[in-house]
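Each residue of the sequence shown is one higher than the one before, counting from 67 in our numbering. For reference, the structure discussed in these notes is given below.
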Amino acid sequence: MSQESPSFLPPVSLVTSAEETAHTLFTAALAAELPVALWRLPFTQEVQVLVASRVEPELPPLEGPQKGFAFCPFSISATSPINFLPADLYFSGKADAELEFGNNLLPARFKPVFQKTGSKQKQEQAWPSHPDGLPKAITRDAFEQTVATAVKAMQAGCLEKVVLSRTKTLSLFEGFDLLSAFTQLTQLYPNAFISLVAIPGVGTWLGASPEVLVQIDRHHVFKTVALAGTQPLTDGLTPADAIWRQKEIEEQALVQRYIISCFKHLRLRDYVEMGPRTMAAGNLLHLRTDYSAAMEEVGFPELGTQMLELLHPTSAVGGMPKASALHMIQELELHDRRYYSGYLGPVQLGQETNLFVNLRCVELGQDTVTAYAGAGMTPDSNPAKEWQETELKMQTVLRLFQASES
Numbered sequence: 067m068s069q070e071s072p073s074f075l076p077p078v079s080l081v082t083s084a085e086e087t088a089h090t091l092f093t094a095a096l097a098a099e100l101p102v103a104l105w106r107l108p109f110t111q112e113v114q115v116l117v118a119s120r121v122e123p124e125l126p127p128l129e130g131p132q133k134g135f136a137f138c139p140f141s142i143s144a145t146s147p148i149n150f151l152p153a154d155l156y157f158s159g160k161a162d163a164e165l166e167f168g169n170n171l172l173p174a175r176f177k178p179v180f181q182k183t184g185s186k187q188k189q190e191q192a193w194p195s196h197p198d199g200l201p202k203a204i205t206r207d208a209f210e211q212t213v214a215t216a217v218k219a220m221q222a223g224c225l226e227k228v229v230l231s232r233t234k235t236l237s238l239f240e241g242f243d244l245l246s247a248f249t250q251l252t253q254l255y256p257n258a259f260i261s262l263v264a265i266p267g268v269g270t271w272l273g274a275s276p277e278v279l280v281q282i283d284r285h286h287v288f289k290t291v292a293l294a295g296t297q298p299l300t301d302g303l304t305p306a307d308a309i310w311r312q313k314e315i316e317e318q319a320l321v322q323r324y325i326i327s328c329f330k331h332l333r334l335r336d337y338v339e340m341g342p343r344t345m346a347a348g349n350l351l352h353l354r355t356d357y358s359a360a361m362e363e364v365g366f367p368e369l370g371t372q373m374l375e376l377l378h379p380t381s382a383v384g385g386m387p388k389a390s391a392l393h394m395i396q397e398l399e400l401h402d403r404r405y406y407s408g409y410l411g412p413v414q415l416g417q418e419t420n421l422f423v424n425l426r427c428v429e430l431g432q433d434t435v436t437a438y439a440g441a442g443m444t445p446d447s448n449p450a451k452e453w454q455e456t457e458l459k460m461q462t463v464l465r466l467f468q469a470s471e472s
C-alpha cells in the first residue's frame, strides 16, 4: 500500500504552478542527495519528476506492475551499472495533479519548500558528478584516424556498419543554471524526450533524445523505431524536400533489418511497419521507420521486455553484425561511453512505459560539461564528414553552453 503524503507537503496545486512544483521537488532531491529524474515526453507540455529513496540494480518487467524510472548504460560495468529508480515520489506535471507516493518512505532530509506561483528563491546548485571524473575531449585527428581504421576494416568485409563516438568538453560559464537549461531544451525541441537525471555516485545527465527504444501504451501496444541517417536542417529545407544519399539510405535499411530480425527471433509475424519517412530533430534530419504490435492480440504479453533484451544496443548505436561492431567499438573508441547510447525513461507511470536511447546528451561535472555524439560508419564513410556529423549532433545540447567557450 502506498504511503500517505508527508505532513511537510501542502496541497501543491494551491501553492505553485505544475512546472514550479516539479522544479522544487528536483531541487529538494539534489539537496537531500537522493536519486531524481525530471523529464518531458515528446509532443507534451507536462514536466514530470520522480524522486527515489534508493537505486535498484535491476530492471523490473516493463509491463508492470512496478513503477519507476530506468537509467541504463551502453554497456554494464562496475562504474556504469543499471539504475532503476522506484517511484517513491512521483508528480505527473498535470494541472491540479496530486503527488503520488510509493511504498518506501523518503528520508526526513528531503524537504521541498513550495512558494507562491511566480515567486523566486535563490537555489544553491550542487549536482552529483561521476566519481571517476569526466572523460577527456577527443581531438579531430584522433577521431578521424579511428574512422579511417573502421572504414578499412569494413572495406575488407569484416562488418557492414559500426557507430563510433567521441566527446567534447567545455567549461561551465558563470551563472549556469541547470533547471534553466532543462527548460530551454523543452522549448527548443518539442518533439524530443527531454531529460535531466541526477544519481549520487553515478552522475548528472541532460539530454534531448529523438529516438524511441521501447514504448508500451495504456492499451498494451508495443512500439519501437528505426532511426538512422543524418543531414543538417538548413534554412528553407523541410523534411518533405530532403534528398538522401545512398550511404544514409543503406544505413537506415540496416537498422530496419535488425528490428525485423528481432521480431523473427521471437517468431512474431503480426506487426505494423510505417516508413521510412524524414523527420526533423532539432537542427538535424533523420530517416525514421515506426513498428508496432498489439501485445495481447499477437499473444506476446511481455513483448516490451523481450524486445528490450534483443534490441539494446541497437544497430543505430552499435553496428552490424552486432558482436563484431561492439568488439570494434571497444577496440577503437578512446573513451568510456557510460550512459551515452544507453537508454532511459519512465516505466509504468501513467500506465505507460517510454524508454528512449540516450542520445544528444551531456554529462555534467561541477565545472565542466562533456557532450557525447556518434556517427554510423559504412565502407563509403568519409572521416571528415563523420567528424562534422558529430559536431552537428553535439550542438543539439551544447548550444546552451556556448557562452562557456572562449
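Glycine included, every Cβ here is placed at the ideal spot set by N, Cα and C.
Taking C-beta atoms under 8 Å as the contact rule, Asp-154 and Ala-118 qualify, at a distance of about 5 Å. A distance below 9 Å separates the beta carbons of Gly-341 and Thr-355.
Per DSSP, Gln-322 lies in no beta strand (DSSP E) segment; the continuous alpha helix (DSSP H) that holds it begins and ends at 312 to 332. A contact is defined here as three or more CB-CB pairs under 8 Å, and the region 329 to 343 fails this definition with respect to the region 242 to 257.
In the three-state scheme derived from DSSP, where H, G and I count as helix and E and B as strand, Ser-237 is classed as strand. By the C-beta density criterion, Phe-109 is exposed, having fewer than 16 other C-beta atoms within 10 angstroms. Between Lys-177 and the set Thr-212, Ala-97, Pro-123, Gln-250, the nearest pair of CA atoms involves Ala-97.
A residue is called buried when at least 16 other Cβ atoms come within 10 angstroms of its Cβ; Gln-181 does not meet this threshold and is exposed.
Tyr-405 places its beta carbon less than 9 Å from that of Phe-137.
Phe-109 sits in coil when the DSSP states are folded into three classes, being neither helix nor strand. At the C-beta level, Ser-158 and Gln-114 come within 9 Å of one another.
Judged by DSSP secondary structure, His-352 falls within the beta strand (DSSP E) whose first and last residues are 350 to 360.
With respect to Gln-191, Val-413 sits apart: the two C-beta atoms are not nearer than 9 Å.
Note on geometry: alpha-carbon atoms of Val-287 and Thr-419 lie some 10 Å from one another.
Just so you know, the alpha carbons of Gln-221 and Met-386 end up roughly 14 Å apart. Between the region 429 to 445 and the region 210 to 229, the count of C-beta pairs closer than 8 Å reaches three or more; the two stretches touch.
C-alpha of Thr-456 to C-alpha of Cys-427: approximately 12 Å in a straight line.
One thing to note: Leu-425 has its Cβ within 9 Å of the Cβ of Gly-273. By a beta-carbon distance limit of 8 Å, Arg-106 contacts Thr-252. Their separation comes to about 5 Å.
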